[in-house]
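Line by line, the protein sequences give chains Y and V. For our numbering, count along the first sequence from 1 and bump the result up by 1122. For our numbering, count along the second sequence from 1 and bump the result up by 1122. Glycine is no exception: its CB is placed at the ideal position from the N, C-alpha and C atoms. This one's a predicted model, so the numbers in the text were calculated from it and none came from an experiment. Each remark here refers to the structure printed beneath this line.
Number of protein chains: 2
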Amino acid sequence: MSFLERKKKILMILDEFDSLSVMEISEKLSISPATVRRDLQDLSEEGVLQRTHGGAMKLDNLPLVAFNKKQTANAGSKQEIGKVAAANVVDGDTIFMDCGSTVFAMCAHLKKLSRLKIITNSLPIVAELVDVPGISINLIGGELDKERRAVHGDMAVQHIDNFHAVKAFVGVDGVSVKNGLTAHSEKESQITKAFLRNAEQVYLLTDSSKIGKDAYVKFEALKTIDFLITDTQLEPTLKMEIEEQGVKVLQ
Amino acid sequence: MSFLERKKKILMILDEFDSLSVMEISEKLSISPATVRRDLQDLSEEGVLQRTHGGAMKLDNLPLVAFNKKQTANAGSKQEIGKVAAANVVDGDTIFMDCGSTVFAMCAHLKKLSRLKIITNSLPIVAELVDVPGISINLIGGELDKERRAVHGDMAVQHIDNFHAVKAFVGVDGVSVKNGLTAHSEKESQITKAFLRNAEQVYLLTDSSKIGKDAYVKFEALKTIDFLITDTQLEPTLKMEIEEQGVKVLQ
DNA sequence: TTACATTTGATCAAAAATAATCATTATTAA
DNA sequence: TTAATAATGATTATTTTTGATCAAATGTAA
Chain Y
1123 MSFLERKKKI
1133 LMILDEFDSL
1143 SVMEISEKLS
1153 ISPATVRRDL
1163 QDLSEEGVLQ
1173 RTHGGAMKLD
1183 NLPLVAFNKK
1193 QTANAGSKQE
1203 IGKVAAANVV
1213 DGDTIFMDCG
1223 STVFAMCAHL
1233 KKLSRLKIIT
1243 NSLPIVAELV
1253 DVPGISINLI
1263 GGELDKERRA
1273 VHGDMAVQHI
1283 DNFHAVKAFV
1293 GVDGVSVKNG
1303 LTAHSEKESQ
1313 ITKAFLRNAE
1323 QVYLLTDSSK
1333 IGKDAYVKFE
1343 ALKTIDFLIT
1353 DTQLEPTLKM
1363 EIEEQGVKVL
1373 Q
Chain V
1123 MSFLERKKKI
1133 LMILDEFDSL
1143 SVMEISEKLS
1153 ISPATVRRDL
1163 QDLSEEGVLQ
1173 RTHGGAMKLD
1183 NLPLVAFNKK
1193 QTANAGSKQE
1203 IGKVAAANVV
1213 DGDTIFMDCG
1223 STVFAMCAHL
1233 KKLSRLKIIT
1243 NSLPIVAELV
1253 DVPGISINLI
1263 GGELDKERRA
1273 VHGDMAVQHI
1283 DNFHAVKAFV
1293 GVDGVSVKNG
1303 LTAHSEKESQ
1313 ITKAFLRNAE
1323 QVYLLTDSSK
1333 IGKDAYVKFE
1343 ALKTIDFLIT
1353 DTQLEPTLKM
1363 EIEEQGVKVL
1373 Q
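This is how it looks when you write it as structure tokens:
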């Protein structure tokens, strides 16, 4: 087994168990501890995991490494959310699609549409839908954010401002009644804001773990969005508070 | 069994098993390990699989690179041309890269640079270089041409006009002293024209089979370009005629 | 703190894989 | 047909990778 294969496997099992010891990895992959240490050193230098004494830990803010593949974290609810969101798209729509794994989960359910125009800054979405007949894609230009596999920056915002869509499907890092929509980075929030102001209807897709939480860039009021699509774990009191703001919650 | 047949089979079995060793491939196809290694090297340069020590792996972002499957025509000379072109890029450069398999062939030889900015409309180039540290990418936005895996259209042209690069590396469908640069489609020629007018130095990459031939959209005079990079098959008389126009021919 | 156990990084020899070379075979052109 | 060219497989030298060993560093418990 080559380094590249081991790297993939280590990251996969590390995604499942949040942390692993050198011995555990050594046993699971049938390689010597010395090799595991060398691999962990390389991987930690790449910045894809956190080395610890005796093993390694998952990095939680590791955005989307090879995110096409598997998103075990909340994979189930993301698929559910993606399905519900896709059900709100109809033939002939022009839609904005944000980057992020939750919005990406819509892709699988959009393939059966026969006429759809997608404006997006997300490379994984492009890769997933480029060969689907009936779907035409407008790719937003600008600086490529390698980690997120998405385009950001001023050019991207300008690009979006040249378009109008009937629906926007966006993600956030946090959302609450008090602070509205929040993000980890300003660049990301600028893109999302641009989507919001150029779409007739806005759908916010987020699993319930991010509802009631705040990230540090506060960029838009909650009532700006029309629909919040989330999983069934959302607490009823939170749901009521959100709906009082005029946001329809879909689950 | 010819290289083309082996290539097909290798990609097929690699699609089934996610990774294979040289020996496994050698046994499955009844060819020697030496040939397998040669094939894997070629295929990895084409960007359709990931070479590892001891074998090969499937690529995860293959959808974006898929156009390369048809790239086998003149694969050898394309690699040569790509290598020569890449040798003209130095650390710190900002370059335009056109879509097309010949320009794509530069990628493999650009990875060792430590500081490079690439402005491109080609998804395969993006997919190939997105994970290379030291290379930053500006993706040109606009309508996605699914067949070409590239972005075209007015937005794309506008985008390019916002930038300036020291070098542009472009491809064409035909080039001759009489008709200059020619293309099969107007959209493609508009993009190339935009690259030409915003770069200080223009490198045209094309294998010799396209030299002396004309496609139907005539869009630029031959003398507009500074360098023509091609293979060693180019006829000396043609070469002389081209150099008389002030174009330097590199081989 | 000290004593003890564990983990680590460095070094090295063995094993594996590769690239380069060369003779042979197959293919193509004349 | 023969000569020239290209592709293949075998051989060998080189490089890369691996696992073992061990002193040094780190963490843990008293």
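| message | Measuring alpha carbon to alpha carbon, tell me which residue in V:Phe-1125, V:Val-1294, V:Lys-1370, V:Glu-1308 is nearest Gly-1222 (chain V). | response | V:Val-1294
| task | Identify whether Phe-1291 (chain V) lies in helix, strand or coil by the three-state DSSP scheme. | result | strand
| said: Helix, strand or coil for Gln-1172 (chain V)? Go by DSSP, reduced to three states. | reply: strand
| query | Which partner residues of Ala-1156 (chain Y) appear in the DSSP bridge assignment? | reply | Answer is none; Ala-1156 (chain Y) lacks a bridge partner.
| Between the segment 1244 to 1268 of chain V and chain Y, which residues of the former have a C-beta closer than 8 Å to a C-beta of the latter? | Leu-1245, Val-1248, Ala-1249, Val-1252, Asp-1253, Ser-1258, Ile-1259, Asn-1260, Leu-1261, Ile-1262, Gly-1263, Gly-1264, Glu-1265, Leu-1266, Lys-1268
| Does the beta carbon of Ser-1148 (chain V) come closer than 8 Å to any beta carbon on chain Y? | no
| Under 9 Å Cβ-Cβ, which residues of chain V neighbour Leu-1133 (chain Y)? | Chain V residues near Leu-1133 (chain Y): none, gap ~12 Å exceeds 9 Å.
| task | Using the Cα positions of Val-1273 (chain Y) and Val-1371 (chain V), report the straight-line distance between them to the nearest angstrom. | result | Computed Cα separation, rounded: 36 Å.
| field | Leu-1326 (chain Y) - partner residues in DSSP beta bridges | value | BP columns for Leu-1326 (chain Y) point to Y:Val-1292, Y:Leu-1350.
| request: Could you work out which residues of chain Y lie near Met-1123 (chain V), taking near to mean beta carbons separated by less than 9 Å? | output: The premise fails here: Met-1123 (chain V) is roughly 26 Å from chain Y at the closest Cβ pair, so nothing lies under 9 Å.
| query | Is the shortest distance between the beta-carbon of Val-1292 (chain Y) and the beta-carbons of chain V less than 8 Å? | reply | no
| task | Check whether the Cβ of His-1175 (chain Y) lies closer than 8 Å to any Cβ atom in chain V. | result | no
| request: Keeping to the same chain, check which residues put their C-beta closer than 8 Å to that of Asp-1137 (chain V); ignore five residues upstream and five downstream. | output: Lys-1180
| Same chain, Cβ closer than 7 Å to Glu-1308 (chain V), neighbours up to 5 away in sequence not counted | Val-1339
| Which residue or residues does DSSP assign as beta-bridge partners of Ala-1272 (chain Y)? | Y:Ser-1244, Y:Asp-1267
| Can you find a C-beta in chain Y that's less than 8 Å from the C-beta of Ser-1141 (chain V)? | By this cut-off, Ser-1141 (chain V) is an interface position.
| Nearest CA to the CA of Arg-1173 (chain V): which residue from V:Asp-1353, V:Leu-1261, V:Leu-1142? | V:Leu-1142
| Going by beta carbon distance, what residues of the same chain come within less than 8 Å of Asp-1164 (chain Y), once the five residues before and after it are set aside? | Phe-1125, Lys-1129
| query | Is the closest heavy atom of the ligand HEM to the C-beta of Asp-1353 (chain V) under 7 Å? | reply | Among the ligands in the structure shown, none appear at all, so the ligand HEM cannot be discussed.
| field | 8 Å Cβ shell around Leu-1344 (chain Y) - same chain, five flanking residues per side excluded | value | For Leu-1344 (chain Y), where only same-chain residues beyond five positions count, the Cβ hits under 8 Å are Val-1297, Ser-1298, Val-1299, Gly-1302, Leu-1303, Ile-1364, Gln-1367, Val-1369.
| query | If we ignore side chains and look at the alpha-carbon of each, how far apart do Lys-1200 (chain V) and Phe-1349 (chain V) end up? | reply | The straight-line gap from Cα to Cα measures roughly 16 Å.
| request: Below 8 Å on the Cβ atoms is my guess for Ile-1241 (chain Y) versus Ala-1287 (chain Y); work out the distance and round it to an integer in Å. | output: 6 Å
| field | 8 Å Cβ cut-off: residues of chain Y touching Val-1273 (chain V) | value | Leu-1261, Gly-1263
| said: Using only the alpha-carbon positions, how far apart do Gln-1100 (chain V) and Val-1292 (chain V) sit? | reply: With chain V covering only 1123 through 1373, there is no way to say anything about residue 1100 (chain V).
| message | Does the CB of Val-1279 (chain V) have a neighbour CB from chain Y at under 8 Å? | response | no
| query | Is there at least one Cβ from chain Y nearer than 8 Å to Leu-1162 (chain V)'s Cβ? | reply | no
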